[in-house]
C-alpha cells in the first residue's frame with residue numbers, strides 16, 4: 010500500500026503542475042504571476058483578462074482534478090483495494106493535484122490557490138457532492154460579491170464528503186486541504202478587511218481583449 014501511496018502522490022502532484030494559467034499566457038502574452046493579484050489561477054485570469062480567459066483557465070484546472078481522480082478510480086477498480094483504501098487513494102490523489110497546482114516546482118513553488126482543481130476533484134470522487142459544492146460556491150460568491158467566501162463552501166463540501174466515505178484518512182486529508190486553503194487565501198482576507206478585494210461584478214465587466222505585455 011505504501012508503494013501505491015507514493016506513486017499516486019507523485020502522479021497527482023505532477024498532474025497538478027499542469028497549469029491553465031500557462032495556456033492563458035501563451036494566448037494572451039500576459040503572465041498572471043506578475044499582474045492583478047499575482048496568482049496563477051482562474052480567479053486572477055478573470056480579474057486581469059476577463060471572463061473568457063477565466064473560463065479557459067478554470068476548465069483546464071477543473072479538468073486535471075477530474076482526470077487524476079478518474080485514473081485512480083480505474084486503477085482501484087482493477088486491483089484488490091477495499092472501500093476504505095480506495096477512499097484514501099481518491100482523496101490522496103485529489104490533495105496531491107491541488108498541492109501541485111498551488112506549489113508547482115517550475116514556478117518556484119508559488120502557483121494558484123486550487124479552487125478550480127478542488128471542483129474537479131469533488132466531481133470526480135462523487136458527482137452529487139460536486140454539484141452541491143459548485144452550487145454552494147456560486148450562490149455564496151454571488152450573494153457576497155466576493156469569490157473567496159464562496160470558495161470555502163467547496164472545502165466544507167469536501168469535508169462532508171470525507172465524512173460520508175469510509176475511514177478517517179479522507180477526513181484528515183480534507184482538513185489539511187482546508188488549512189492549506191486558509192494559508193493560500195491570507196492575502197484575500199487582508200484585502201477583504203481593507204475593502205480592496207476585487208468584486209465579482211467588476212471582474213465580469215472586463216473586456217475579453219487585453220494588450221500584450223513584453224517579458225523581461
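In this note's numbering, the protein residues as written are 10 to 225.
Don't be surprised by glycine CBs; every beta carbon is placed ideally from N, CA and C.
Could you check what DSSP says for residue 44 in three-state terms: helix, strand or coil?
coil
Own chain residues within Cβ distance below 6 Å of residue 113, not counting five before or after
The beta carbon of residue 113 sits closer than 6 Å to the beta carbons of 26 and 120 from its chain, once the five residues preceding and following it are set aside; these are given in chain order.
Nearest-angstrom Cα separation, counted from residue 94 out to residue 87:
13 Å
Quick one: what's got a C-beta closer than 7 Å to residue 197's C-beta in the same chain, skipping five residues either side?
157 and 206
Touching or not, the region 26-36 and the region 175-188, by the rule of three or more beta carbon pairs under 8 Å?
no
Let me check understanding here. Comparing Cα to Cα, which of 21, 12 and 57 lies closest to residue 30?
57
For residue 15 and residue 131, I'd like the C-alpha separation in whole angstroms.
Taking the straight line from one Cα to the other gives about 22 Å.
Using the three-state DSSP reduction, which class does residue 86 fall into: helix, strand or coil?
helix
Using 10 angstroms around the beta-carbon of residue 24, count the other beta-carbons present and answer buried if the total reaches 16, otherwise exposed.
buried
Kindly list the residues whose CB is nearer than 7 Å to the CB of residue 166, restricted to its own chain and excluding five residues on each side of it in sequence; keep chain order.
131, 138, 141, 142 and 145
Cβ neighbours of residue 200 in the same chain (closer than 7 Å, five flanking residues each side left out)
206
Between residue 215 and the rest of its own chain, which residues show a CB-CB distance below 6 Å, the 5 nearest in sequence each way excluded?
With a pLDDT of 49 at residue 215, under the threshold of 50, the predicted position of this residue should be treated as unreliable, though the coordinate-derived value follows. Cβ neighbours of residue 215 beyond the five flanking positions: 59.
Check for me: the alpha helix (DSSP H) holding residue 194 runs from which residue to which?
First-last for residue 194: undefined, no H or E at that position.
Could you pull out every residue in the same chain whose Cβ sits closer than 8 Å to the Cβ of residue 75, ignoring the five residues on either side in sequence?
Excluding sequence neighbours, residue 75 sits near 129, 130, 132 and 133.
Please report how far the alpha carbon of residue 209 lies from the alpha carbon of residue 67, in whole angstroms.
15 Å
Cβ separation of residue 17 and residue 102, assumed to be a contact under 8 Å, to the nearest whole Å:
5 Å
Whole-Å CB distance - residue 175 paired with residue 96, under 8 Å assumed:
5 Å
With 16 other Cβ atoms within 10 Å as the buried cut-off, status of residue 202:
Around the beta carbon of residue 202, fewer than 16 other beta carbons lie within 10 angstroms, which makes this residue exposed.
Kindly list the residues whose CB is nearer than 6 Å to the CB of residue 104, restricted to its own chain and excluding five residues on each side of it in sequence; keep chain order.
182 and 186
To the nearest whole angstrom, what separates the beta carbons of residue 21 and residue 106, a pair I think is in contact under 8 Å?
About 5 Å separates the beta carbons of residue 21 and residue 106, which is inside the 8 Å limit, making them a contact pair.
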